[in-house]
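Novice: Right, I'll just put the structure down here and ask away after.
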C-alpha cells in the first residue's frame, strides 16, 4: 500500500473529533509491556487479560464489540457512548493513529497510509478543528515513553534473532549444506500470525508475551531489559546443548519464529524482516 512520509513539521488536521471511529475495525498490536499495563488497569493478571482480550498469543487486541455502520467490530476495550475504557493508558498504535511510525537507519519516520489523510474518510469534521504539526500531535499524545518501549523491543527482537543466526552459522548446520533452515525462516515470514503462534507453541508464547516481570510497569526500558535477559536465559537452557544437525535446525527455526512474532507485535513487516535476515545469512555462507 502507498504511504505518505511526514516530518515533525508537517501540518495536518490532527485534532481529534472524538467520534470514536478509530476504535472500529483496526488492527491494534501490543508489545509485552503494553499488555502488562492493560492487565494492571483491568486489575487482572497479564495471562487473564491476554486470554480474554487478545489474539495470537497476546500480540493483537480482539475487536469483537458492537458493529458500526460499516459492519466493523469495535475494540474489546471500547464502551458504547463512552469510548475507550483505558484511554489514559492506551498503547502506541492508538496514540499515533492515524499516523504510523517506521524505523529506518536508526531514525524514526512518521507516515500515514494512502495519499489521502485517513481521518477524512470517517471524520471529515476534523477539517473544522485546529491543525497541528506532527511534533505537536505526538507531544499531546504523550507518545514518547511508548516509543521508547517500541525501540527497546526492536532491540530485543534483534537479540533473539541473533541466537537463530548463531545456531545456523556458528555451528555445523550451515557448513553441512543445510537449506531447510532459511526456507523455514522465509515460510514463517509469510505465515498468518495464528499459524506462527501455533508453530512457536505456548511455552515460548508465554515467555514472550507474559513474562514474570511486575516491578517495572512505569519504566519500559528497564522492563524490556529484564525481559531480554529472561528470553536469552531460556534460549540458553533450551538450546545450549543441542548438537545434531536436526536439533540445530529445529532450534534455529523456533527461535527465529519467536523473533518474527515479536516483530509483528511491534507493527513490523515480518516478511520484510525475514527476507532481510535471510539475505544476511546468505552473505555469511548459509544456503537456501
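Residue numbers (this note's numbering): -3 to 284. Cβ atoms here follow ideal geometry from the backbone N, Cα and C, with glycine treated the same way. Predicted model only: the values in this text are computed from it and were never measured.
#1: Measure the Cβ-Cβ separation of residue 310 and residue 139 and say whether it is below 8 Å.
#2: Name the DSSP beta bridge partners of residue 75, please?
#3: Would you call residue 151 buried or exposed, if buried means 16 or more other Cβ atoms sit within 10 Å of its Cβ?
#4: Is DSSP giving residue 95 helix, strand or coil here?
#5: Figure out for me which residue from 131, 141, 93 has the closest Cα to the Cα of residue 119.
#6: My assumption, with CB atoms under 8 Å, is that residue 3 sits in contact with residue 130. Please give the rounded CB distance.
#7: Roughly how many angstroms separate the alpha carbons of residue 91 and residue 137, rounded to a whole number?
#8: Can you give the Cα-Cα distance for residue 33 and residue 104, rounded to whole angstroms?
#9: In the DSSP assignment, find the alpha helix (DSSP H) that holds residue 257 and state where it starts and stops.
#10: Just to confirm my understanding: we take residue 286, look at its own chain, exclude 5 residues before and 5 after, and list those with CB closer than 7 Å. What are they?
#11: Using the Cα positions of residue 15 and residue 230, report the straight-line distance between them to the nearest angstrom.
#12: Quick one: measure Cβ to Cβ for residue 127 and residue 7, integer angstroms, because I've assumed they're closer than 8 Å.
#13: What do you reckon, are the CB atoms on residue 200 and residue 254 nearer than 8 Å?
Specialist: Per the coordinate set shown:
#1: Since the first residue shown for the chain is -3 and the last is 284, residue 310 is missing from the structure and cannot be characterised.
#2: Here residue 75 refers to the residue found at position 79 when the chain shown is read from its first residue. Paired residues: 79.
#3: Working through the chain shown from its first residue, we reach residue 151 at position 155. Classification for residue 151: exposed.
#4: Indexing the chain shown from 1 puts residue 95 at position 99. The answer is coil: DSSP assigns residue 95 none of H, G, I, E or B.
#5: Translated into the one-based positions of the chain shown, residue 119 becomes position 123. Here the closest residue by C-alpha is 93.
#6: Taking the chain shown and counting its residues from 1, the one referred to as residue 3 is at position 7. Taking the chain shown and counting its residues from 1, the one referred to as residue 130 is at position 134. Residue 3 to residue 130, Cβ: 7 Å. Contact.
#7: The sequence position of residue 91 within the chain shown is 95, counting from 1. The sequence position of residue 137 within the chain shown is 141, counting from 1. Rounded to the nearest angstrom, the two C-alpha atoms are 6 Å apart.
#8: The sequence position of residue 33 within the chain shown is 37, counting from 1. The sequence position of residue 104 within the chain shown is 108, counting from 1. Going from the Cα of residue 33 to the Cα of residue 104 covers about 24 Å.
#9: As a first step, residue 257 is located in the chain shown; it is residue number 261 there, counting from the start. Segment 241 to 261, the alpha helix (DSSP H) holding residue 257.
#10: Summary: the structure shown does not reach residue 286, with the chain confined to residues -3 through 284, and so no result is reported for it.
#11: Here residue 15 is taken as the residue at index 19 of the chain shown, counted from 1. Here residue 230 is taken as the residue at index 234 of the chain shown, counted from 1. Using only the alpha carbons, I get a separation of about 45 Å.
#12: Locating residue 127 in the chain shown gives position 131, where the first residue counts as 1. Locating residue 7 in the chain shown gives position 11, where the first residue counts as 1. The Cβ separation is near 5 Å, so the contact holds.
#13: For the purposes of this step, residue 200 is taken as residue 204 along the chain shown, with counting starting at 1. For the purposes of this step, residue 254 is taken as residue 258 along the chain shown, with counting starting at 1. Cβ atoms of residue 200 and residue 254: closer than 8 Å.
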